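Novice: Residue numbers (the UniProt record's numbering): 1 to 390. Ideal placement from N, C-alpha and C gives every residue a C-beta, glycine not left out. Values in this document were obtained by computation on a predicted structure and should not be read as measured data.
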């Protein structure tokens, strides 16, 4: 791990960078990284973080929802020189390999019941991906989640009730393997994990600089109903925030101030091909439900900044929130992806998502260096790796 470094002083998320004052040197722009949820699609965020690490970009604050919170915690909970290895190790542990298997659980161990050939052409590759997802649905992923009892069978008559299909507790030990929680809560970049109170619908935010973050906080933040039951944290029933805001942009865009760069990673894409099957419909339904949240947030940001500039006639007060460069990486799943893509932990799919995240983020960094933004107005410049929605 190398010698212990002195604690680093990071600005708060609310005032990481202040408005420039005449006669004083300008502070460098703060960097905020916002990582969305998507279970197995989170490998895309891993590749995006690799590009940022290679580019020497150190986040001041990380925001995460669901698996995005896990990726953010691995970054914040490790020394800079160890982050990439820990990210890769986590996704290697999550992989179900290249050969689809439908295992039988025996004393907690997964035994191979069927081994099927890995297919190349798109049609057969889709079948292979679907079998990997089916394996996850039936038997879970060792070290990440396992089936609950009665789970799905609770829907049958005369069965006891249940509020989840899977038990996420195996993830706690896995998180402890890849994250130094003492470092996360003491020295690393500030991490804010977003979740929701299932009873009130109120947003819940866990802060590494206020109260600290534990493995249980991260597991609660990945408990997307009905796949996982709520997790009790501090007397509240906590679930995944993905159903409300899958990419946690609000704090970085609306509450923070000063010159800043906001880097957002969305595992879903609003644009996509027309549907031709029920599987296509399930695939696109997820994209539309989750990616549309991001676009609504950006629409609100445009309106707010436009009204502010119009009301203040473009004077100095109009820029009191500071100029913002927003880099938005959106993952567009390939043709061979299925409607159960978030459960497809096949090694090939995870590698492809990682490579795509790396390529997309590298492209965005190049676009920003060259000033090739997708849109710019009222102190907001947006860079995209996909065409803007019409």
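1. If you check the beta carbons only, do residue 391 and residue 29 fall under 8 angstroms apart?
2. Assign residue 286 to buried or exposed, taking buried as 16 or more other Cβ atoms, counted over all protein chains shown, within 10 Å of its Cβ.
3. Under the assumption that residue 195 contacts residue 220 (Cβ atoms under 8 angstroms), give the Cβ distance between them as a whole number of angstroms.
4. Quick check on the DSSP output: what are the complete alpha helix (DSSP H) runs of length 4 or more inside the segment 115-198, in order along the chain?
5. Looking only at its chain, what residues have a beta carbon closer than 6 angstroms to the beta carbon of residue 59, apart from the 5 residues adjacent to it on each side?
6. What runs of the beta strand (DSSP E), each 3 residues or longer, lie entirely inside the segment 206-244?
7. Whole angstroms are fine: how far does the CA of residue 354 sit from the CA of residue 360?
8. Out of curiosity, what's the CA-to-CA distance linking residue 297 and residue 95?
9. Taking 8 angstroms as the cut-off, decide whether the C-beta atoms of residue 174 and residue 93 are in contact.
10. Report yes if the CB atom of residue 48 is closer than 8 angstroms to the CB atom of residue 262, and no otherwise.
11. Buried or exposed for residue 148, please, with buried defined as at least 16 other CB atoms from any protein chain shown within 10 angstroms of its CB.
12. Between which two residues does the alpha helix (DSSP H) harbouring residue 352 extend?
13. Taking DSSP as the reference, what is the three-state secondary structure of residue 303?
14. Based on Cα-Cα distance, which residue from 233, 301, 282 lies nearest to residue 255?
15. I'd like to confirm the pairing. Which residues does DSSP put opposite residue 63 in its beta bridges?
16. Quick one: using the 10 Å Cβ neighbour count with 16 as the cut-off for buried, is residue 211 buried or exposed?
17. Pairs of beta-carbons, one from the segment 362-378 and one from the segment 125-135, closer than 8 angstroms: are there three or more?
18. Tell me which same chain residues have a C-beta within less than 6 angstroms of the C-beta of residue 279, skipping the five on either side of it?
19. Look at the alpha carbon of residue 161 and the alpha carbon of residue 218, and state the distance between them as a whole number of angstroms.
20. In three-state DSSP terms, what is residue 75?
21. Going by C-alpha to C-alpha distance, which of 225, 385, 193, 62 sits closest to residue 199?
22. Please classify residue 40: does DSSP put it in a helix, a strand, or coil?
23. Kindly indicate which three-state DSSP category residue 281 falls into: helix, strand or coil?
24. Would you kindly work out how many angstroms separate the C-alpha atoms of residue 207 and residue 180, rounded to a whole number?
25. Just to confirm my understanding: we take residue 268, look at its own chain, exclude 5 residues before and 5 after, and list those with CB closer than 6 angstroms. What are they?
26. Can you give me the C-alpha to C-alpha distance between residue 138 and residue 328, rounded to a whole angstrom?
27. Indicate whether residue 65 and residue 248 have their beta-carbon atoms separated by less than 8 angstroms.
28. My assumption, with CB atoms under 8 angstroms, is that residue 409 sits in contact with residue 166. Please give the rounded CB distance.
29. Taking Cβ to Cβ, would you say residue 90 is nearer than 8 angstroms to residue 192?
30. My understanding is that residue 242 touches residue 72, with C-beta atoms under 8 angstroms, so please give their C-beta distance in whole angstroms.
31. List the whole-angstrom C-beta distance separating residue 238 from residue 223, where the pair is believed to meet the contact cut-off of C-beta under 8 angstroms.
32. Residue range of the beta strand (DSSP E) that residue 264 falls in?
33. I'd like the list of long-range same chain contacts for residue 350, defined as Cβ closer than 6 angstroms, with 5 residues on each side in sequence excluded.
34. Can you look up residue 289 in the DSSP assignment and give me helix, strand or coil?
35. Taking the C-alpha atoms as reference points, what is the distance between residue 74 and residue 35?
36. Between residue 240 and residue 140, what straight-line distance do the alpha-carbon atoms span, to the nearest angstrom?
Specialist: According to the structure data:
1. In this structure the chain extends from 1 to 390, so residue 391 is not present and cannot be described.
2. buried
3. 6 angstroms
4. 122-139, 170-178, 181-186
5. 31, 33, 189
6. 231-233, 236-240
7. 10 angstroms
8. 33 angstroms
9. yes
10. no
11. buried
12. 347-370
13. helix
14. 301
15. 34, 192
16. exposed
17. no
18. 338, 339
19. 26 angstroms
20. helix
21. 225
22. helix
23. helix
24. 15 angstroms
25. 287, 290, 291
26. 34 angstroms
27. yes
28. The question about residue 409 has no answer, for the chain in this structure spans 1 to 390.
29. no
30. Wrong, their Cβ atoms sit about 14 angstroms apart, outside the cutoff.
31. 7 angstroms
32. 260-266
33. 43, 91, 95
34. helix
35. 12 angstroms
36. 18 angstroms
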